[in-house]
Amino acid sequence: MTPLPRILLVDDDRNLREVTRLGLSRHHFAVVACASGEEALAVVEGEGCDVVVTDLRMPGMGGMGLLRRLQSRWPALPVICLTAYGSIETAVAAMQAGAVDFATKPVDQEALALLVQRAVERVRLHRENVDLRAQVAAQGGQPGVIVAAPAMERLFEVVRQVAASPATVLLTGESGCGKEVVARALHEASGRTGAFVAVNCAALPGELLESELFGHEVGAFTGAITARPGRIRAAEGGTLLLDEVGEMAPAAQAKLLRCLESGEVDPVGATAPVAVDVRVIAATHVDLQARVTAGSFREDLYFRLNVIPIPIPPLRARVEEIALFADHFLTVYGEGRRLTFAPAARAALLAYSWPGNVRELKNLCRRLALLVGGETISLDDLPEAMRGGAAAGGAMTLPQVERETVVRALEAHGWNQSAAARALGVPRHVLLYRMKKHQIEPPRRR
Numbered sequence: 020m021t022p023l024p025r026i027l028l029v030d031d032d033r034n035l036r037e038v039t040r041l042g043l044s045r046h047h048f049a050v051v052a053c054a055s056g057e058e059a060l061a062v063v064e065g066e067g068c069d070v071v072v073t074d075l076r077m078p079g080m081g082g083m084g085l086l087r088r089l090q091s092r093w094p095a096l097p098v099i100c101l102t103a104y105g106s107i108e109t110a111v112a113a114m115q116a117g118a119v120d121f122a123t124k125p126v127d128q129e130a131l132a133l134l135v136q137r138a139v140e141r142v143r144l145h146r147e148n149v150d151l152r153a154q155v156a157a158q159g160g161q162p163g164v165i166v167a168a169p170a171m172e173r174l175f176e177v178v179r180q181v182a183a184s185p186a187t188v189l190l191t192g193e194s195g196c197g198k199e200v201v202a203r204a205l206h207e208a209s210g211r212t213g214a215f216v217a218v219n220c221a222a223l224p225g226e227l228l229e230s231e232l233f234g235h236e237v238g239a240f241t242g243a244i245t246a247r248p249g250r251i252r253a254a255e256g257g258t259l260l261l262d263e264v265g266e267m268a269p270a271a272q273a274k275l276l277r278c279l280e281s282g283e284v285d286p287v288g289a290t291a292p293v294a295v296d297v298r299v300i301a302a303t304h305v306d307l308q309a310r311v312t313a314g315s316f317r318e319d320l321y322f323r324l325n326v327i328p329i330p331i332p333p334l335r336a337r338v339e340e341i342a343l344f345a346d347h348f349l350t351v352y353g354e355g356r357r358l359t360f361a362p363a364a365r366a367a368l369l370a371y372s373w374p375g376n377v378r379e380l381k382n383l384c385r386r387l388a389l390l391v392g393g394e395t396i397s398l399d400d401l402p403e404a405m406r407g408g409a410a411a412g413g414a415m416t417l418p419q420v421e422r423e424t425v426v427r428a429l430e431a432h433g434w435n436q437s438a439a440a441r442a443l444g445v446p447r448h449v450l451l452y453r454m455k456k457h458q459i460e461p462p463r464r465r
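Written as structure tokens, this is what we have:
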């Protein structure tokens, strides 16, 4: 039986503490209640918990002091703050110090339960990604595999379903969104024992690409003093990734089509074809259908490649994964240092549009790991373009980021609340609560 999420409730007011404890317990949380920050630290140290809910105004250490101690020792532990009505500035300060959310007193028990459930889900995703990275590393896979957004969970479910099929796959998506990562995942899950071989079709001119892919015999062209089997045969029994397949020259397109239809390759200068057993995955950031219409890409080859289409969403549509990727890359490039983003810097990352997608975030973290002297990356350490959302009125607060994320999801789905909720990975009633909280209303129709 799965244990109930363990919630630590901290409030010096006995009556409010008991009311809140009962309210959370009714939502199937295991609640441990204590009256002070000192007592709460002892509980976390000795027994642990999944989420902390703490009042800000308490004698002794106080909620802010407790928050700082928790952030310094357990930075991944979500903390939700309770504050009296009219003390929103204090709550915002708490969120800038690392709290994930806040609720005002008198506490709406249903609303608080939603905040706690969201924090529990955040913990679950964090643990799943830690486990996933460990599994990938143990299998010799690539670092940086993060699956948290609902769209990516659905994508990897498709990967699991089609991995064993020999059918060709067409991966589409913006540059840097993770097409090669998905291709490698397909190969790893396929059970094919041969190699995974990747070829960038845009990196070589037509004649060289033909030789690189299909191989050549001795004397096939000037300088061909030795025979070369080619990358397709190098992937025998495995998987061939044709990255940027839309840039392939017409002659190479024709030879690739014949290979897919016959299961054979024709090395340059050879007198007979060679049979191959290779699963082909193609990837592109361009609209291949538009290329077909323009006459620069073969329609018959397009249909051969597009047997199983898998579109990959850009990072800006996977907001849930930005912080997870950032933390992961800091760990990879930090060389043992415990690098973290200050709350204002983290808020700026969430608000940025990431035109370069995961690759841009990866390169940013690599650069920051080299240039930042301390262990905390501030807003000023980020490139100016990423600080734009925090320019006029100071650092963007987490509530502002949350509001912008909700609005962006609604706009992307034509203000269809059910579709936006699915994209955000939350129930519809949670989305409605967030809309009410941030006073978000659909535009009036004229």
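When you read off a place in the sequence shown, starting at 1, and then add 19, the result is the number in this note's numbering. Note that beta-carbon positions come from the ideal geometry of N, C-alpha and C, so glycine has one too.
Item, Value
"Nearest residue (CA-CA) to G392, options G353, G375, K381", "G353"
"Residue range of the beta strand (DSSP E) that includes C68", "Here C68 belongs to no beta strand (DSSP E), and DSSP marks it neither H nor E."
"Straight-line Cα distance separating G234 from T212", "22 Å"
"Rounded straight-line distance, which links the Cα of Q458 to that of I99", "21 Å"
"N- and C-terminal bounds of the beta strand (DSSP E) containing I327", "327-330"
"C100 (DSSP reduced to helix, strand or coil)", "strand"
"Buried or exposed (CB count within 10 angstroms, at least 16 for buried), Q308", "exposed"
"Spatial distance of P224 from R317 (CA atoms)", "18 Å"
"Own chain, CB closer than 6 Å to G375, minus 5 neighbours either side, in chain order", "G195"
"CA-to-CA distance, L343 to I165, given in whole angstroms", "7 Å"
"Helix, strand or coil at V338 according to DSSP, with G and I counted as helix", "helix"
"Cβ-based neighbour list, F396, same chain, cut-off 6 Å, excluding 5 preceding and 5 following", "The residue you asked about is not Phe; residue 396 is Ile in the sequence shown. Contacts found: F360, A364, L387."
"Beta-carbon spacing of E59, L27 below 8 Å", "The question names Glu, but residue 59 in the sequence shown is Ala. Cβ atoms of A59 and L27: closer than 8 Å."
"Span of the alpha helix (DSSP H), counted from its first residue to its last, around T312", "307-313"
"Own chain residues within Cβ distance below 7 Å of S372, not counting five before or after", "R335"
"Simplified DSSP assignment, three categories, for T245", "coil"
"Coarse secondary structure for V295, derived from DSSP in three states", "coil"
"Residue burial classification, D319 (beta-carbon count within 10 angstroms, cutoff 16)", "exposed"
"Rounded Cβ spacing between V216 and A253 (contact assumed at less than 8 Å)", "5 Å"
"Cβ neighbours of R179 in the same chain (closer than 7 Å, five flanking residues each side left out)", "A208"
"Beta-carbon proximity list for S55, same chain, < 8 Å, skipping 5 on both sides", "V29, D31, M77, P78, G79, M80"
"Cβ neighbours of Q128 in the same chain (closer than 6 Å, five flanking residues each side left out)", "G42"
"Residues that L260 bridges to, as DSSP identifies them", "A217, I300"
"Exposure of A157, with buried meaning 16 or more beta-carbon neighbours within 10 Å", "Reliability fails at A157, whose pLDDT of 42 lies under 50, so the model's placement of it is uncertain and the value that follows must be treated cautiously. A157 is exposed by the Cβ-count criterion."
"Straight-line Cα distance separating E394 from E138", "First, the amino acid is wrong: residue 138 is Ala here, not Glu. Rounded to the nearest angstrom, the two C-alpha atoms are 25 Å apart."
"The region 253-268 in contact with the region 288-307 per 3-pair CB rule at 8 Å", "yes"
"Residues sharing a beta bridge with L131, DSSP", "DSSP output for L131 lists no bridge partner at all."
"For R229, three-class secondary structure by DSSP", "The amino acid at residue 229 is misidentified as Arg; the sequence shows Glu. DSSP places E229 in helix when its eight states are reduced to three."
"Spatial neighbours of N382 in its chain, beta-carbon cut-off 8 Å, leaving aside the 5 residues before and after", "G375"
"Three-state secondary structure assigned by DSSP to A253", "helix"
"Supposed close pair T102, T73 - CB separation, criterion 8 Å", "Incorrect: roughly 10 Å between the Cβ atoms, too far for contact."
"Cβ-based neighbour list, D69, same chain, cut-off 7 Å, excluding 5 preceding and 5 following", "P24, R25, I26, V139, V142"
"Among E283, A221, V218, V287, the one whose alpha carbon lies nearest that of R247", "V287"
"Cross-strand partners of A122 (DSSP beta bridge)", "L101"
"For R365, three-class secondary structure by DSSP", "helix"
"Near the ligand PLP: D120 beta-carbon under 7 Å from a heavy atom", "Although the ligand PLP was asked about, the structure shown includes no ligands whatsoever."
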